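Colleague: So that we are looking at the same thing, I have put the structure below in structure tokens.
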Amino acid sequence: MHNRVESQSIQIAIAWCLAWGDQAQPQVEIAVLYQMRQAMLGEGTMPEEMRSRLEQVRQLDALDYPQTLDQLQALADQYPELWKSRLGLVYGGATKIKQYVFEASKLQDIRGASALLDRINLIDLPAFFNQPPESQEFEPQFSKTRQWLDRNSPARDDFQSLTDVLIPELIIYSTGGNILAFCPAAYVHELSNLIEKRYTEETLTANSCAVGETFRFLELRFGLLRDPIEETFWLGGYQKQASKDLVKAYYGEPEPNPAAQFERRKSFNELVGKLATRFNQRRSGHDQPAEDRPSRRYPPLFETHPYVRRDGTDRRSAVYQAKNLPGSPWFSETTARKRLVGQKAKREDQSDAWYRQMGFDWEAGNVESWVQRYEKFLADNPELKKEYNSTGETLQEARSLREIGNASQGFVAYIYADGNNMGGYIQNITTADSYQRFSQVVSEATEQSVYQALARHLDPHELQGINDAETQNRDGKHVHPFEILTIGGDDVMLVVPANKALAISQTISEEFEQILLALDPSLTVQPEPQPDQQTIHRYSPSQARASTCELSMSAGVLITAENTPIYYAENLTNQLLKSAKKKAKQLKQKHRYSGGTIDFLVMKSVTMLTSKVSEFRESALVFGNSPKLKLYGAPYTLHEVGGLIETAKALKAADFPRSQLYQIRSLLERGKHTAMLNYRYFWSRLDNKAAQQQLKRAFEQAWCEARTNNGNLVPWMCVPSQKGKSTYETIWRELIDLYPFIDEPKRQSETPAAAEAEVR
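With the numbering used here, the residue at position 208 of the sequence shown is 379, and numbering never jumps.
Now the structure itself:
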């Protein structure tokens with residue numbers, strides 16, 4: 172990271188707001204402000220009248236943290252301009268994103284909804300601040316957004332519009348679907364309103380929220396301050412009341428160094444915390460009486476009628492049937508926009524005449540799919556490009572889940588990954604500069620880790636046996652066999668072939684940590700003493716490497732048939748992610764494990780699961796009380812996932828008869844000893860003795876060694892409990908579920924029904 176440049180960016184933003192003043196009209200000529208900005212960028216001379224403002228910014232940055240209330244009051248007296256002047260801070264973005272994206276059942280519409288939100292987040296909102304896009308192909312959209320901002324800025328006698336007020340350096344971050352930015356104090360609510368309006372005008376139904384507040388310049392360093400300043404709750408009062416519940420709820424549990432703990436909270440972090448609280452209040456429909464802003468209590472809704480045809484989501488009245496599209500779908504204006512953007516994002520050759528025939532004049536603008544960004548990544552990394560596409564095929568993007576499932580016998584996997592301990596880390600960020608750097612680092616690490624995983628584990632796929640309406644005449648085409656639904660901040664959701672799901676999710680989580688450390692070595696953590704790997708990992712703990720990154724990523728993985736409803740799959744994947752994150756949190760609290768975790772489920776049919784994943788496992792896969800038997804091992808650490816893949820490969824190499832694999836699985840619930848005897852019997856009868864020994868090393872010795880002696884519990888693992896009663900769990904069921912998807916030869920002609928029969 173380029174710390175100097177980023178720190179300079181924040182200094183320019185603060186200097187701009189300080190020089191502008193509290194009113195709508197700037198205190199100096201606008202040309203002088205721009206000259207000051209150019210000078211701070213090293214491209215001109217500093218105007219004489221701006222030198223004092225720049226010196227005030229430097230003074231603010233150099234102030235020592237006051238240890239007493241008298242010292243704090245002295246700062247306000249010594250720097251009256253920093254105490255009296257105010258600047259604005261705005262926070263906003265889309266809300267209920269999944270509700271908007273996944274309300275449709277077709278991948279094209281989901282893709283379009285995601286791409287439209289990405290365009291608003293990455294192109295439109297930065298354009299408010301005159302921040303040009305990275306690629307020239309988005310210049311028309313940038314210009315169109317600036318024109319929209321001009322038209323929608325409230326008319327003023329004393330000034331033109333927000334296009335003259337906002338500059339790129341005011342943005343602190345604009346990733347992950349949210350934006351945090353400075354602005355002159357007089358424009359806080361105006362900018363917040365326009366952020367919400369942009370989302371509504373472009374998407375029609377997506378929920379969004381934006382809030383703003385003005386703060387004193389001294390508050391950028393020292394958190395929220397009262398007026399008069401001597402009434403501020405400061406360090407002395409905190410030290411006296413640190414043990415009170417209300418104080419602990421705000422500042423955290425008392426630490427050995429109370430001054431450092433207080434300083435972390437009373438900083439820029441406290442301002443962001445106030446905005447986050449205001450954001451949640453407004454999102455919930457609470458209006459601030461003192462603010463002259465439109466209410467957000469009534470989100471956009473379209474009237475429906477019981478006897479009127481509805482669109483494909485069944486949420487809105489349809490206005491048009493596109494008979495020249497596959498399936499002749501019915502569209503409302505909302506779903507039509509999603510489909511149109513989806514077509515543009517995937518660079519499909521289908522005409523948009525169907526949309527023009529509806530009579531709408533809305534323009535989708537230029538949009539970029541995640542696959543296009545992936546292709547740019549490959550172009551910048553020729554070694555990975557050669558590994559991914561060794562034959563140099565001309566590739567297209569997958570149009571449907573069926574095309575992705577075509578690479579894995581009709582099965583796909585949904586991967587939903589999210590960062591761990593992000594909230595805890597952000598609570599310790601004390602400056603706007605650190606917020607900016609952290610956002611950039613996390614966003615880059617997330618995106619790069621996904622691309623690395625896809626390039627390492629996937630190959631272009633040649634479509635075969637594709638004959639449905641949506642993918643007609645596509646046989647023989649080579650496609651990217653995946654779909655990135657979203658990458659935002661530390662969130663990832665993608666669809667990949669089932670046979671590569673665990674390997675991809677493991678690599679994403681591992682690369683996330685490695686890239687973070689490469690970008691920001693300060694994230695390195697060396698716990699003392701070193702965590703006991705035996706208490707963390709069930710698979711060959713002596714071979715596990717301790718995680719050295721303070722942040723990590725967990726993932727939920729759902730392997731299912733290509734025709735599983737997307738909204739249903741998304742819900743289950745979200746449950747699996749929560750389960751994985753819960754396991755990571757427990758391991759961190761109990762054993763100081765800072766790495767990632769993965770939970771997965773192989774779902775053979777939609778009717779297999781009618782309740783929550785946790786309820787299904789507890790009721791169907793847990794037996795007995797003394798001892799307690801668990802017929803699953805999920806969630807897993809990243810090291811364990813790697814071991815699970817290797818064990819499944821060894822099991823396949825051993826060439827166990829299928830009937831015996833399923834028989835061992837069916838006998839698990841009959842008791843610990845019955846399952847152990849049956850496994851031993853069938854293992855001893857294997858003809859391939861080399862593979863037999865490999866299975867012994869990869870399964871028995873790696874997973875099932877006894878904890879108190881030299882014995883072996885195969886296929887069980889002993890998990891001691893605090894109450895003295897041991898629980899025995901096994902990974903055998905999950906190995907059998909994964910069996911068809913691990914290291915198998917490509918059998919393109921096999922039908923989904925045949926693959927499902929194999930999974931059983």
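Idealized CB from N, CA, C, for every residue including glycine. Note that the structure is predicted; figures quoted are calculated from it, not measured.
From the DSSP output, in three-state form, read off residue 807 for me.
Modeller: Taken through DSSP and simplified to helix, strand or coil, residue 807 comes out as strand.
Colleague: Threshold first: 4 residues or longer. Then list the alpha helix (DSSP H) segments lying entirely within the region 398-444, N to C.
Modeller: 406-412, 416-422, 429-436
Colleague: If you draw a straight line from the alpha carbon of residue 711 to that of residue 182, how long is it in whole angstroms?
Modeller: 51 angstroms
Colleague: Quick one: Cα of residue 341 to Cα of residue 384, how far?
Modeller: 15 angstroms
Colleague: Look at the Cβ atom of residue 675, then the Cβ atom of residue 816, and state whether they are nearer than 8 angstroms.
Modeller: no
Colleague: Is the beta carbon of residue 377 less than 8 angstroms from the beta carbon of residue 446?
Modeller: no
Colleague: Might you give, ordered along the chain, the residues of its own chain that have their beta carbon closer than 7 angstroms to the beta carbon of residue 802, omitting 5 neighbours on each side?
Modeller: Around residue 802: 792, 839, 840, 901, 904.
Colleague: Which term fits residue 628, buried or exposed, when burial requires 16 or more other beta carbons within 10 angstroms of its beta carbon?
Modeller: buried
Colleague: Would you mind stating whether residue 257 and residue 335 have Cβ atoms separated by less than 8 angstroms?
Modeller: no
Colleague: Skipping 5 residues on each side, what residues in its chain have a beta carbon closer than 7 angstroms to that of residue 373?
Modeller: 287, 291
Colleague: Output yes if chain B places a C-beta closer than 8 angstroms to the C-beta of residue 314; else output no.
Modeller: Looking for chain B here will not work: only one protein chain is present.
Colleague: Going along the chain, which residues of its own chain have a beta-carbon closer than 6 angstroms to the beta-carbon of residue 536, five neighbours each way excluded?
Modeller: 312
Colleague: What is the DSSP secondary structure of residue 188, reduced to helix, strand or coil?
Modeller: helix
Colleague: From residue 354 to residue 516, what does the alpha carbon distance come to, in whole angstroms?
Modeller: 32 angstroms
Colleague: In the DSSP assignment, the beta strand (DSSP E) including residue 262 goes from what residue to what residue?
Modeller: 257-266
Colleague: On the CB-based measure, 16 or more other CB atoms within 10 Å of its CB, does residue 630 come out buried or exposed?
Modeller: Looking at its Cβ environment, which holds 16 or more other Cβ atoms inside 10 Å, residue 630 is buried.
Colleague: Considering only residues of the same chain and omitting the five flanking positions on each side of residue 361, which have a CB-CB separation below 8 angstroms?
Modeller: 324, 325, 333
Colleague: If you draw a straight line from the C-alpha of residue 736 to the C-alpha of residue 484, how long is it?
Modeller: The straight-line gap from Cα to Cα measures roughly 12 angstroms.
Colleague: Excluding the 5 residues flanking residue 927 on each side, which residues of the same chain have their C-beta closer than 7 angstroms to its C-beta?
Modeller: For residue 927, the pLDDT reaches just 46, beneath the cut-off of 50, and the residue's location in the model is therefore unreliable, although a value from the coordinates is still provided. Excluding five sequence positions before and after residue 927, the CB atoms of its chain that fall closer than 7 angstroms to its own CB belong to 732, 775, given in chain order.
Colleague: Could you give the uninterrupted runs of the beta strand (DSSP E) lying entirely in the region 298-347, keeping only those of 3 residues or more?
Modeller: DSSP runs (the beta strand (DSSP E)) wholly in the region 298-347: 342-344.
Colleague: Starting from residue 651 and walking both ways along the beta strand (DSSP E), at which residues does that stretch end?
Modeller: 649-651
Colleague: So residue 725 is in the beta strand (DSSP E); what residue range does that whole segment cover?
Modeller: 723-732
Colleague: With the cut-off set at 8 angstroms, would you say residue 283 and residue 572 are in Cβ contact?
Modeller: no
Colleague: At 4 residues or longer, what runs of the alpha helix (DSSP H) sit wholly inside the region 825-900?
Modeller: If we require 4 residues or more, the alpha helix (DSSP H) runs fully inside the region 825-900 come out as 829-838, 843-855, 860-866.
Colleague: For residue 773 versus residue 665, is the C-beta distance shorter than 8 angstroms?
Modeller: no
Colleague: According to DSSP, which residues form a beta bridge with residue 645?
Modeller: Bridge partners of residue 645: none, in fact.
Colleague: Who pairs with residue 537 in a beta bridge, going by DSSP?
Modeller: DSSP lists no partner for residue 537.
Colleague: Excluding five sequence neighbours on each side, which residues of the same chain lie with their C-beta closer than 8 angstroms to the C-beta of residue 276?
Modeller: Cβ contact annotation for residue 276 (same chain, cutoff 8 angstroms, sequence separation greater than five): 483, 484, 736, 737, 738, in chain order.
Colleague: Going by the CB atoms, is the gap between residue 502 and residue 489 shorter than 8 angstroms?
Modeller: Yes, Cβ-Cβ distance for residue 489 and residue 502 is below 8 angstroms.
Colleague: For the candidate residues 719, 455, 704, whose alpha-carbon lies nearest to that of residue 713?
Modeller: 704
Colleague: Please state whether DSSP places residue 275 in a helix, a strand or coil.
Modeller: Correct three-state label for residue 275: coil.
Colleague: DSSP puts residue 591 in a beta bridge; with which residues?
Modeller: The partner list for residue 591 (beta bridge, DSSP) reads 723.
Colleague: Look up residue 584 in the DSSP assignment and say whether it is helix, strand or coil.
Modeller: strand
Colleague: Thinking residue 721 and residue 694 are a contact (beta carbons under 8 angstroms), I'd like their distance in whole angstroms, please.
Modeller: Right, their Cβ atoms sit about 5 angstroms apart.
Colleague: Which residue's Cα is closest to the Cα of residue 509: 880, 881, 285?
Modeller: 285
Colleague: Given this structure, state the Cα-to-Cα distance separating residue 863 from residue 426, to the nearest angstrom.
Modeller: Here the C-alpha atom of residue 863 lies approximately 55 angstroms from the C-alpha atom of residue 426.
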